[in-house]
Amino acid sequence: MSTGQINAKKQVIVMAAATAVSLFGDALLYIILPLYWTEMGLHALWQIGVLLSVNRFIRLPLNPLVAWLYKRISYRQGFIWGMVLAAITTFCYGAFHSFWILFIARCLWGLAWTFLKLGAYLAIPAFSDNSNRGYLFGLHKGIHRSGALLGMILGGLAVDQFGIFPVMTVFAAASLFTLPFIFTGLDRKQSSAELITNKETVPFKKVIIQQSVITVLASAMCIAVVYDGILKSTLSYLVNLQIDSELILVGLAVGASTLASSIQSIRILWEPWLSPLLGSFADRTARRAPVFAGLLGGAAVLMVFAPLPMPLFMFITIMLGLQVIGTAMEVIVLSLAADVAQRSSKVHVMTTLSVAQDTGAALGPLIGYMAAEWLGITSLYVFASLLFIILAIKWLKEPAERGFHTEVNKAAPVD
Numbered sequence: 262m263s264t265g266q267i268n269a270k271k272q273v274i275v276m277a278a279a280t281a282v283s284l285f286g287d288a289l290l291y292i293i294l295p296l297y298w299t300e301m302g303l304h305a306l307w308q309i310g311v312l313l314s315v316n317r318f319i320r321l322p323l324n325p326l327v328a329w330l331y332k333r334i335s336y337r338q339g340f341i342w343g344m345v346l347a348a349i350t351t352f353c354y355g356a357f358h359s360f361w362i363l364f365i366a367r368c369l370w371g372l373a374w375t376f377l378k379l380g381a382y383l384a385i386p387a388f389s390d391n392s393n394r395g396y397l398f399g400l401h402k403g404i405h406r407s408g409a410l411l412g413m414i415l416g417g418l419a420v421d422q423f424g425i426f427p428v429m430t431v432f433a434a435a436s437l438f439t440l441p442f443i444f445t446g447l448d449r450k451q452s453s454a455e456l457i458t459n460k461e462t463v464p465f466k467k468v469i470i471q472q473s474v475i476t477v478l479a480s481a482m483c484i485a486v487v488y489d490g491i492l493k494s495t496l497s498y499l500v501n502l503q504i505d506s507e508l509i510l511v512g513l514a515v516g517a518s519t520l521a522s523s524i525q526s527i528r529i530l531w532e533p534w535l536s537p538l539l540g541s542f543a544d545r546t547a548r549r550a551p552v553f554a555g556l557l558g559g560a561a562v563l564m565v566f567a568p569l570p571m572p573l574f575m576f577i578t579i580m581l582g583l584q585v586i587g588t589a590m591e592v593i594v595l596s597l598a599a600d601v602a603q604r605s606s607k608v609h610v611m612t613t614l615s616v617a618q619d620t621g622a623a624l625g626p627l628i629g630y631m632a633a634e635w636l637g638i639t640s641l642y643v644f645a646s647l648l649f650i651i652l653a654i655k656w657l658k659e660p661a662e663r664g665f666h667t668e669v670n671k672a673a674p675v676d
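Residue 663 in the numbering used here sits at position 402 of the sequence shown, and the numbers go up by one each step.
Put into structure tokens, the structure is as follows:
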């Protein structure tokens, strides 16, 4: 492994670990707000939905702004700002019992997350190449997603023992504790200003209308809609269709909600090691586009069977298969986007990718609930399957000269 790869891996680990810590308060809020909403100063259930979604919608206009800032500041500065904002917002969750203060805090969290997410999206292509790009994206994804799990589990247990304010204060302090590691672990000189080559002077419109860019962005958005919307919002309902009553496992009664949350949570457990492994596989693959098309096809097949009556063991296997494929697709689509960005504009492509993912994540739950009511659960999953099939066909037709070809590499970093 070269010195450059070691340095790149170190910086990605610092970015991912800091991002994981920043997620503690956000993840815990999803657990406690529906339970303690009156104690936190809310007066209506709709306010819960607003607070849990406004941070996603605010990111849509913030992505271009933060991308513009990253042309003028270093990645280290951006991450420092993001972590300070994360600490402030996390503290506010526990300290203030007012809807409007919490609303402002959630908007600030949207800004913090944009700094952290977009910073990584711009930085990883800057200090990676075809030999380690997928691995580094997978490493970042695997580490930072663990923060949500730790925040939910550790935070949920701690709130029952100590209350909301002490736990949120500790989580806020943890975000500040990452600042020394950011100072020492990220290059103070490295910034997205280094990305401004001749290709970066190409107008945004000219970049975004390229067929390869459109295909990547459409794929990223569809994955977010299907996985963050359709699958996540209807999984409990699907489980309830498969079991008539509570299951008895190891002497414990397990209901549909418990089983559904377990299926969702197990994905976070395997991502720290599976995402880098899948990323390394993508780096070694001669052509990522056919592999991605195969994953889309596999997800399409499983989507068709998901709502059908079947033995519970088979249903759980299908759901876990969808989760594994989802992990793989999210890692590879990042690598594909970076491949395209290398040939056009890193700033324009990676920023628009972030907007596409945020749009899918924001609209996904709404689309999932509305479509399930209008179309029925079986028709909804058939629609999702057809969507993936269309994308798979599109990826199989993409020629190598559009930027999706990646040479087979002799090795990728694995330690």
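Just so it is clear, CB atoms sit at the ideal spot from N, CA and C, and this is done for glycine as well.
Taking each of Thr299, His304, Ala433 and Asp544 in turn and checking the Cα distance to Thr280, the smallest one comes out for Ala433. Per DSSP, Arg545 has no beta-bridge partner at all. Here DSSP, grouped into helix, strand and coil, assigns Ser335 to strand.
Contact holds between the stretch 291 to 299 and the stretch 414 to 430, because three or more Cβ pairs, one in each stretch, are under 8 Å apart. Judged by DSSP secondary structure, Phe388 falls outside any alpha helix (DSSP H); it is assigned neither H nor E. Excluding its 5 nearest sequence neighbours in each direction, Val275 has C-beta neighbours in its own chain below 7 Å: Phe442, Ile443, Gly446 and Leu447, listed in chain order. The beta carbon of Gly558 lies closer than 8 Å to those of Phe649, Ile650 and Ala653 in the same chain, with the five residues before and after it left out. Per DSSP, the unbroken alpha helix (DSSP H) holding Ile638 starts and ends at Ile638 to Lys658. In summary, Ser615 is buried, with 16 or more beta-carbon neighbours lying within 10 Å of its beta-carbon over all protein chains present.
Distances from the alpha-carbon of Ile349 to those of Leu583, Arg333, Ala366 and Ala622 put Ala366 closest.
One thing to note: Asn316 has its Cβ within 8 Å of the Cβ of Trp374. Looking only at Thr430, Leu563 and Ala598, the smallest Cα-Cα distance to Ala356 is reached by Thr430. Excluding the 5 residues flanking it on each side, Gly582 has same chain C-beta neighbours closer than 6 Å at Leu563, in chain order. Bounds of the alpha helix (DSSP H) holding Tyr396 are Arg394 to Phe423. For Thr439, the closest of Leu296, Ala550 and Ala347 by C-alpha to C-alpha distance is Ala347.
The residues Thr375, Phe376 and Leu379, in chain order, have a CB closer than 7 Å to that of Val327 in the same chain once the five nearest residues on each side in sequence are set aside. Here Ser646 has Ala561, Met564 and Val565 as same chain residues with Cβ atoms under 6 Å from its own Cβ, once five neighbours each way along the sequence are excluded. Here Thr299 carries a coil assignment [DSSP, helix/strand/coil].
Rounded to the nearest whole angstrom, the CA to CA distance from Ser314 to Gln471 is 31 Å. Contact between the stretch 403 to 412 and the stretch 531 to 551 is established, with three or more Cβ pairs separated by less than 8 Å.
Residue state for Met276 is assigned as helix, using DSSP reduced to three classes. Rounded to the nearest whole angstrom, the CA to CA distance from Ile586 to Val643 is 17 Å. Here Lys655 has Thr476 as same chain residues with Cβ atoms under 7 Å from its own Cβ, once five neighbours each way along the sequence are excluded. Distance from the CA of Asp544 to the CA of Val486, rounded to the nearest whole angstrom, comes to 26 Å. In this model, Pro537 and Pro570 are separated by some 35 Å (Cα to Cα).
Considering only Phe285, Leu383 and Thr299, the residue with the shortest C-alpha distance to Met344 is Phe285. Assignment of Ile504 by DSSP, reduced to helix, strand and coil, places it in the coil class. With at least 16 other beta carbons inside 10 angstroms of its own, Glu591 counts as buried.
The shortest C-alpha to C-alpha distance from Ala550 to any of Phe340, Val601, Pro568 and Ser389 is the one to Val601. In the DSSP annotation of this structure, the continuous segment of the alpha helix (DSSP H) that includes Gly446 starts and ends at Leu440 to Gly446. Restricting attention to Ser541, Gly310 and Ser436, the CA atom closest to the CA of Tyr396 is found in Ser541.
If you draw a straight line from the Cα of Ala481 to the Cα of Ile362, it is about 33 Å long.
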